[in-house]
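Chemist: Sharing a structure below in structure tokens format, with a few things to ask.
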Amino acid sequence: MAATGSEKQGAKAFYVTTPIYYVNDAPHLGHAYTTVAGDVLTRWHRQRGEKVWYLTGTDEHGQKIMRTAEANNVTPQAWCDKLVEEAWKPLWEHLNIANDDFIRTTQKRHTDRVQEFVQDLYDKDEIYKGGYEGPYCVGCEEYKLPGDLIEAEDGTKLCAVHKKPVEILKEENYFFKLSAYGPKLLEFYEANPGFIQPESARNEVVNFVKQGLEDLSISRSTFDWGVPVPWDEKHVIYVWIDALLNYATAVGYNENPAKFDETFPANVHLIGKDILRFHAVIWPAMLMAQGLPVPGRVAANGWLMVGGEKMSKSNLTGIKPQDLTSHFGVDAYRWYFLRAIAFGQDGSFSWEDFTARYTSELANDYGNLASRVAAMVGKYFGGELPAATADGDAEKAIHEGLAKAVSVADAKIGEELDFQGGILAIFDFVKQVNGYITEQEPWKVAKDESEEGRARLATILYTAAESLRAVAVLLNPIMPETSQALWESLGAEASLGTLAAQPVQSAATWGQLPAGATVTKGAVLFPRLEEPKKD
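Here it is in structure tokens:
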């Protein structure tokens, strides 16, 4: 998707990343939740007129991928190619994800730069050779500390995340001197309190680093599916070192200095809380060692829960996004999880909650408002939007309500990553407009055929239509398809230009929809839900 607005060439891009996702299986709701959040955030900033870069992709190396491929009797590369092209990329297209790049860690543009980065650290004496033995979780691709383990009834040590037994690995590895960066990291956290969000995540990381860091094993020699260590090809680079570097290699590290300078570092890394330490401890330490700037923010979203369990394939709770979009629609799907769950907190999903919110807020409050206004403009003014010539206190309240909604939504979504708070502010305004129509009773005013009566009716309907014009702009980053449909039904496409080119701040400028615009009643934005089919 092309960026819009008055961008400044050479200005630093607002750079947002998702984690790069393991391709050991098809994506589920948890993957889509983070990716939709990033899409809404970057679309919002695009509609501010900013230069934006949105990166997502896939993590294709490591023991977990190798074992999955072996279990399916294909090579790791063939497995990755199949999953990326048949599952991951099609889902992002289906969900209207407007990413600017999709990086795969098996691409040469990435692997060459990873080797260069690690070689440079080795040359700087930041890496040394040693040995390590400890409990290892293949699912996490991580050696576990004692506090990261839980115990089964039979005494077996389990990974707390995957609830599966860990393996005791012993191998000769290369180590990054992570322990030397503990004081520097604590100093950085102190100087940049907003670097890790939410506050609970920040406290976890600070406490972890205060306990003292151990040097990090950054190579593996027990398998070969990975990027070879350039000075010792009996080893491959630890998959997490490989993976974290995608945020640099994708934007031109050691290859395109102009692109790199205009983009790096990321303004926001969106991640799941289970990979917090990698992004908030290891990644900034790596960058400090290399003399590169650290990210602006690491924002950890919570887990999606089903029946009290974290949503995952291993827990048999990995719901496919298409299971929901086929019933509720793509826009409602994009809206629901950001509306229902406070970003950064765990949240439970249920079919019943989604249905109730869809019916109440989307169909009844928003969709019905759009249908009623278009129908009344058609009935009373032949589909031609009338001019407002009789504004009063009721209209002033609407103007003020809109200005507040825009201000709050812009701060919540654009700055605070409080998607729920921003959406609520917009829908509070939708409720205010519904209340305005109920109080003004245009169907009764229409019976007064005097000049004053017609002027009052025109003002009510113009106020409602102009309010919807603003709502379409505000909801476009969240629900682009229905916002576009509303935009066109208001005649805004012909009179104001494309919706994507409308800055979100302009939503608060009253009176943009011109009198005389052709208002048409299109298809219902949010149709009545059909009963789901029973198996």
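Residue numbering for the sequence shown follows the working numbering, starting at 2 and increasing by one per position. Note that the Cβ used here is the ideal one computed from N, Cα and C, for glycine as well.
1) Whole angstroms is fine: what's the gap from residue 118's alpha carbon to residue 197's?
2) Residue 396 and residue 464 look like a contact to me (Cβ under 8 Å); what is the Cβ gap, rounded to whole Å?
3) Tell me which same chain residues have a C-beta within less than 6 Å of the C-beta of residue 208, skipping the five on either side of it?
4) Taking the beta carbon of residue 20 as the centre, do at least 16 other beta carbons fall within 10 Å, making it buried, or is it exposed?
5) With C-beta atoms as the reference, is residue 292 less than 7 Å away from residue 268?
6) Under a three-way DSSP split, which group does residue 2 fall into?
7) With DSSP as the reference, label residue 253 as helix, strand or coil.
8) Taking 6 Å as the limit between beta carbons, can you name the residues of its chain near residue 508, skipping five residues before and five after?
9) Determine the DSSP secondary structure at residue 358, reduced to helix, strand or coil.
10) Work out the CA separation of residue 248 and residue 185 for me, nearest whole Å.
11) Flag this pair as yes or no: are the beta carbons of residue 175 and residue 220 separated by less than 7 Å?
12) Apart from the five residues just before and just after residue 387, which ones in its own chain have a Cβ nearer than 7 Å to its Cβ?
13) Does the Cβ of residue 478 have 16 or more other Cβ atoms within 10 Å, making it buried, or fewer, making it exposed?
14) Which residue from 156, 232, 271 puts its Cα closest to that of residue 37?
15) Looking only at DSSP bridge pairs, what is residue 198 linked to?
16) Could you name each continuous alpha helix (DSSP H) segment of 4 residues or more that falls completely within the stretch 415-446, going from the start of the chain to the end?
17) Looking at residue 301: is its Cβ nearer than 7 Å to the Cβ of residue 274?
18) Can you tell me where the beta strand (DSSP E) with residue 232 in it begins and where it stops?
19) Between which residues of its own chain and residue 228 is the CB-CB distance below 7 Å, once the five residues before and five after are set aside?
20) Which residues does DSSP list as the beta-bridge partners of residue 270?
21) Confirm, please, whether the CB-CB distance from residue 28 to residue 1 is below 7 Å.
22) Mind checking who residue 158 pairs with in its DSSP beta bridge?
23) Can you give me the start and stop residues for the alpha helix (DSSP H) that residue 287 sits inside?
24) Measure how close the beta-carbons of residue 183 and residue 214 come, nearest whole angstrom, since I'm counting them as under 8 Å.
25) Pairing CB atoms from the stretch 35-53 with CB atoms from the stretch 331-341, are three or more of them under 8 Å?
26) In chain order, which continuous runs of the alpha helix (DSSP H) of length 4 or greater are located wholly inside the stretch 67-132?
27) So residue 216 and residue 178 are supposed to be a Cβ contact under 8 Å. How far apart are they, rounded?
28) Do residue 306 and residue 354 have their beta-carbon atoms positioned less than 7 Å apart in this structure?
29) Where do the N-terminal and C-terminal ends of the alpha helix (DSSP H) with residue 380 fall, by residue?
30) Specify whether the stretch 319-336 and the stretch 81-99 touch according to this definition: at least 3 beta carbon pairs, one from each stretch, less than 8 Å apart.
31) Just checking my contact of residue 59 with residue 16 at CB under 8 Å: how many whole Å lie between their CB atoms?
32) Could you tell me if residue 361 is buried or exposed, where buried requires 16 or more neighbouring beta carbons within 10 angstroms of its beta carbon?
33) Taking 8 Å as the limit between beta carbons, can you name the residues of its chain near residue 90, skipping five residues before and five after?
34) Using a 10 Å radius around the Cβ and a threshold of 16 neighbouring Cβ atoms, would you call residue 468 buried or exposed?
35) What residues in its chain sit with their C-beta under 7 Å from that of residue 4, if we drop five residues either side in the sequence?
36) I'd like to check one pair, residue 455 with residue 391: are the Cβ atoms closer than 7 Å?
Modeler: Based on what the coordinates show:
1) 25 Å
2) Their Cβ separation, rounded to whole angstroms, is 5 Å, which keeps residue 396 and residue 464 in contact under 8 Å.
3) none
4) buried
5) no
6) Any reading at residue 2 needs caution, since the residue's pLDDT is 35, under 50, leaving its predicted position unreliable; the model's value is listed next. Of the three classes helix, strand and coil, the one that applies to residue 2 here is coil, per DSSP.
7) If DSSP states are grouped into helix, strand and coil, residue 253 belongs with coil.
8) 407, 471, 474, 475
9) helix
10) 22 Å
11) yes
12) 459, 462, 463, 516
13) buried
14) Across the set 156, 232, 271, the C-alpha of 271 shows the shortest separation from the C-alpha of residue 37.
15) 300
16) 420-441, 443-446
17) yes
18) For residue 232, there is no enclosing beta strand (DSSP E), as DSSP marks it with neither H nor E.
19) 62, 112, 115, 116, 237, 238, 243
20) 18, 299
21) This structure gives no information on residue 1, because the portion of the chain shown stretches from 2 to 536.
22) Paired residues: 152.
23) Start and end: 284-291.
24) Here residue 183 really is in contact with residue 214; their C-beta atoms are around 5 Å apart, less than 8 Å.
25) yes
26) 77-84, 90-95, 109-124
27) 6 Å
28) No, the Cβ-Cβ distance between residue 354 and residue 306 is not below 7 Å.
29) Unbroken alpha helix (DSSP H) run through residue 380: 369-382.
30) Taking 8 Å as the limit for Cβ pairs, the verdict is that the stretch 81-99 does touch the stretch 319-336.
31) Their Cβ separation, rounded to whole angstroms, is 19 Å, which puts residue 59 and residue 16 out of contact at 8 Å.
32) exposed
33) 103
34) buried
35) Residue placement at residue 4 is poorly supported in this model, since its pLDDT is 37, which falls under 50; the coordinates are not used for a value here.
36) Their beta carbons are not under 7 Å apart, which means residue 391 does not touch residue 455 by this criterion.
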